[in-house]
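Chains as they are written, first to last, in this note's numbering: chain A, 62 to 246; chain B, 518 to 1095.
For each residue, glycine too, the CB sits at the ideal point set by N, CA and C.
The model shown is predicted, which means the values in this text are computed figures rather than measured ones.
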Amino acid sequence: MMNRSQARSLGWAAVLAVCFALVVVLSFKVHAVRSEVLLAERELIALQRETLLLETEFETRSSQRQLAEWNTVEFGYEAPRAGQFLEAERQLASLGETLGPDAPSPIRLARAETTDMAEAVSDAPMRSPVSGATVTLASASSEKDAGEVFAEAFGDFLIEASPIRPARAETPRASVKTFAAGTGE
Amino acid sequence: MNMMAASFAARVATPVIPVGRLPSVGLRQQLLWTARVRVLWLLGGFALIALIALLRIASLGFAGQAPQRTSMEDALLPPRGEITDRNGAPLARAFPAYALWFEPRAMGDTGAPLVRSPEQVASDLKGIFPDIDEARMARRLASGRPGYLRRRILPEEANRVFGLGEIALEIPRETDRYYPQGTLAAHVLGYVVEDEGGKIGMEEVLEKQLSHPDTRSAPVALSIDVRAQGALEDELRRGMLATNAIGAAGIVLDVDTGEVMALASLPEFDPNTAGAAGAKNVFNRATNGVFELGSTFKPLSIAAAIDAGVVRDLGKSWDATPIAVGRRSIKDLKSKGATLNVPQALVYSSNTVTARVADALGAERLRKVMIDLGMDRRPFIELPAKGKPIWPQGPWSRVTNMTVSYGHGLAVTPLHLASAYAAMVNGGIWRPATLRKIAARDVPRGRRVFKESTSHRMRQMLRMISLYGTGKNADAVGYRVGGKTGSAEKAGAGGYNKTSLVSSFAAAFPLDAPRYVVVVVLDEPKGTVASSFQRTAGYTAAPVVGRLVPRIGPMLGVQPDESRDVDISDLRYLVDKH
C-alpha cells in the first residue's frame, strides 16, 4: 500500500513527465515550423530569381532598339503632333465654339460642379449623337458586360490594367424602366 | 502389493534421469542460460541502437539545423549592383546564367569520362547547339581536358544537355553582367571584365558602390531616361546613315539641373560581348571627341557682348564686309549685304559681324566668358572619358579672339557646348553636367555667367534662327525649338581639310521656358539625296533635332502647344523686313 507522500511524489513525477513530453512535442513543432519557414524562404528566393529572369527577358525583348525596329517595319507610328495635345477640358470645350468676326474671346468663369450634378451626368445613359436616343451596345444587350467577358477570358487580375471597361450603356431592361419613369424623352 | 512396493523401491532407487545422464542435463541448462544471455545482449544492443537513434532524432529536433541555413538577404544580394535609368528601368544587372563545362573527372574513376563515345555526344550536342563544329567538339571531348564548352547557354538548352545523361557535362550556374538594352547607352554604361571590374563608363565610375556588399543591394539610378536615349540613338543613327557620316554624337541636357537625359555616341559597341579583349568603337565622341564646333559658338560670343554692354542697340548696323586680320581674311560664306545688325548676323550666320563684335568686346573679356563656361578644361561629367579641349594658350591675340568668336581655333567636346548653351538659356547659371539622378534639393548652385536679361535676349534670337535662318529644319511645330547650326572644316595635317566637315546643331526647347538643351554633332557628313546634296548643318544635323524633339518632348514633360511661342515682337522687324 502506498502512503500519501508516496502518492504525492508519484503524482509530481507524472506531472513532470507530462510537462517534459509537452516540451518535447512543442519543440518538435517549433522546429517543424522553422523548417517550413526555411522552405518558404527558399521558395521565395527561387521565385525572386525567376522574376528577375523573366523581367530581364521582357526588357531584352522589348528593348528600345527592338521597339524602334518594329515601329519602322510593322507599325509606322509617328510622334504625336502638337494639335493632338490638349491642355485641359477648357481647351477641349473651346474647340466646339465658333466665334463671330471680330468677337473678343469669351470670358469664362470658373464654377464648382455640385456633386449631384456630376452624378446625374455620370449616370446618364449613352446617347446617340445623331438621334439623341439612348444607345444599347451589343455587348450590353448580352447578359454579361464586356468587363465580365474579359475577366472570364483573362482572369480578374488583368481587368484593372485592361483598356476594356464595362461600357456605360443601357441594358434593354433598364432603358425600359427609364422610359416608363417618364423622363420626358 | 509386494510387487507394487518393489517397483516403487526400484523407482526410488533409480532416479528419473539416469545417473549417467546427469552431466548432460547440467550442460543443457548452461546452454539455455547462455542462449538467454545472448538474447538479452541482442535485445540490449537493439535497445541501445534505438536509444541512440531516438537521441539523434531528438537532438535534431531540438538543435538541428536545416541542412543549409540560407539567409534571404544573402541569397538575393547580387554579386554586382544594378544600374537603372531615372525611372527605374534596368540598364545593367547581374543575371544568373548557365555555362557548359566539361569535367572529365566527374565520374570519379579512371575509366572513360563519357558514357558514350565522344563522337556520339558531340553529335547530340550539335542537335542542341546547331552552330558548333561537330568534329572539333568530338576532339575536344576526347582530349580529356576540363574547360568551358560554351560560356552561356539558355535554360532550355541546359535542360536538354542535362537530358543527355552525361555526368561529365556540367551546367554550372554563373552570374553574368547583362545589359538588357544591348548597345543602348553603351558609352554611358561601359562594360565589365571578369575579375577586373568595370571598364569605361559608369561601371568604372561606380565600381566601389556596385561591388561593395553594403551598397550593392540598392540599384543606382542614372540621370538617363531610357526612352529619350532610345529616341536619340535612333534619330542619330538615321541622320548618320542618311548623310553617310563616319560618326555622330548627341546630348540631351536638363538646363536647370545639369542632368544628362540622354548621351549617345555612334558608332556604338555592345557591352554584352565586350570582355577582356575590349571592344571596337569605345571612343566616346560626345565627351571625349574634341571638335571645332564652328558657328554654334556665335550665340555665346554675342551673349558675352550683350552681357558686357558692348551690344546695346540690337538694331545697330555692323560692317559685314570681309576683314583682313594679319595675313588672314575673315569672310562670310554667303554675303547678305554690306551691313547687318546683330540678330541678322545670327540668323544668317555672319562670321564678319561676329568677329567685329568680338573685336569690340576684346580678347580678355571673351576669354573670361569662355573660361567661366568651362571651355578651358575637360568637361564636367563623371565619365572617365573626358576630352581635353584644344585651348589657345597665353593671352589671346586679336586674330584668336576673332576666330574663337565664330568657333574656330578652339576645339571642345559636344558636352562643353551643351553645358554652355544650358547656361545661356536657363537665366545665365552654369552648372556641371552629371549622369547621376539628383534630387531637387541637391542641384548644385552653379555659377552665374550671363545676366538674366542677356539670357532672355538670347532665347529670342535662338528662336529667330530656327524661324528665319539656318535652323528651319529643326523647328518642330509646337515645341518652340531654337538653336544654331555650325559647320566647321576638320583640322587635319597642314591646315583645314576642305572635304571633311563637322556639322553640329545646338538647340534648346521650349524656348519660352527652357527645359532641355539638345546638341547633335555629325562627323564628316557627305552630301546625299537625303540631305539635298548639302553637307552643312542646316541640312544634316538640324533635321535630326527636328525629328528628335517631338519624340522626346512629351516623355520629358514638355507639352507642345501651337498657341505659345517666344515673344520676339521687338526683334522681329530687325530681320523680317516685310
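Look at A:ALA78: its C-beta is not under 7 Å from any C-beta on chain B. At least 7 Å separates the beta-carbon of B:SER818 from that of B:THR856.
Only residues of its own chain outside the window of five on either side were considered, and among them ALA738, LEU739, SER740, ILE741, ASP742 and LYS954 have a CB closer than 7 Å to the CB of B:ARG603, listed in chain order. In this chain, the beta strand (DSSP E) harbouring B:ASP771 covers 764-771.
Taking C-alpha positions only, A:LEU115 is separated from B:ALA759 by approximately 37 Å.
B:PRO1067 is positioned such that its CB atom lies closer than 7 Å to that of B:ALA993. Here B:GLU1079 is near B:GLY995, since their CB atoms are less than 7 Å apart. Taking 7 Å as the CB threshold, A:GLN67 stays off the interface with chain B.
For the pair B:LEU883 and B:PRO909, the Cα-to-Cα distance works out to about 12 Å.
With 16 or more other CB atoms across the displayed protein chains lying within 10 angstroms of its CB, B:PHE619 is buried. Using a 10 angstroms sphere on the CB of A:GLN145, the tally of other CB atoms stays under 16, which defines it as exposed. Take the alpha-carbon of B:GLY718 and the one of B:PHE800: they are about 11 Å apart. Chain-ordered, the chain B residues with CB closer than 7 Å to the CB of A:ALA129 read GLY747 and ASP751.
In the same chain as B:GLY715, and ignoring 5 residues on each side of it, the C-beta atoms closer than 6 Å to its own belong to GLY707, VAL709, GLU721 and GLU724, in chain order. For B:SER1021, the pairing in a beta bridge is given by DSSP as B:GLY1003 and B:VAL1038. The contact set of A:PRO141 on chain B, defined by CB atoms closer than 9 Å, consists of PRO1067, PRO1071 and PRO1077 in chain order.
Taken through DSSP and simplified to helix, strand or coil, B:LEU890 comes out as coil.
Taking CB atoms only, A:SER124 has a neighbour in chain B less than 7 Å away. Beta-carbon to beta-carbon, B:VAL1035 and B:LEU1065 are separated by about 7 Å, close enough to satisfy the 8 Å threshold. At a C-beta separation below 9 Å, A:GLY144 has these neighbours in chain B: VAL994, GLY995, PRO1077 and GLU1079.
Ranking B:GLN726, B:VAL921, B:ARG873 and B:ASP693 by CA distance to the CA of B:VAL827 puts B:ARG873 first. Neighbours of B:PHE612 across chain A, judged by C-beta separation under 9 Å: LEU113, LEU114 and THR117.
Taken through DSSP and simplified to helix, strand or coil, A:GLU116 comes out as helix. With a contact defined as Cβ atoms closer than 8 Å, B:ARG997 and B:ARG915 miss out at about 38 Å. Using a Cβ-Cβ cut-off of 7 Å, B:ALA592 counts as an interface residue toward chain A, since at least one Cβ of chain A sits closer than that to its own. Contact check for B:ALA765 against B:LEU934 fails: the beta carbons are separated by 7 Å or more. Exclusion of the five residues before and after B:SER983 leaves LYS989, ALA991, ASP992, VAL998, GLY999 and GLY1000 as the residues of its chain whose Cβ lies within less than 7 Å of its Cβ. In the three-state reduction of the DSSP assignment, A:SER88 falls in the helix class. In the three-state DSSP reduction, B:GLU899 falls in the coil class, being neither helix nor strand. Around the CB of B:PRO931, 16 or more other CB atoms lie within 10 Å, so the residue is classed as buried. No Cβ of chain A is located within less than 7 Å of the beta carbon of B:MET654. For A:THR159, not one C-beta of chain B is nearer than 7 Å to its own C-beta.
A direct Cα-to-Cα measurement between B:ARG669 and B:ASP626 gives close to 28 Å. Sorting B:VAL966, B:ALA745, B:TYR1056 and B:VAL1061 by C-alpha distance to the C-alpha of B:GLY891 places B:VAL966 at the top.
B:PHE612 is the residue among B:SER972, B:PHE612 and B:ALA702 whose C-alpha sits nearest the C-alpha of B:LEU671. Exclusion of the five residues before and after B:ARG964 leaves TRP947 as the residues of its chain whose Cβ lies within less than 6 Å of its Cβ.
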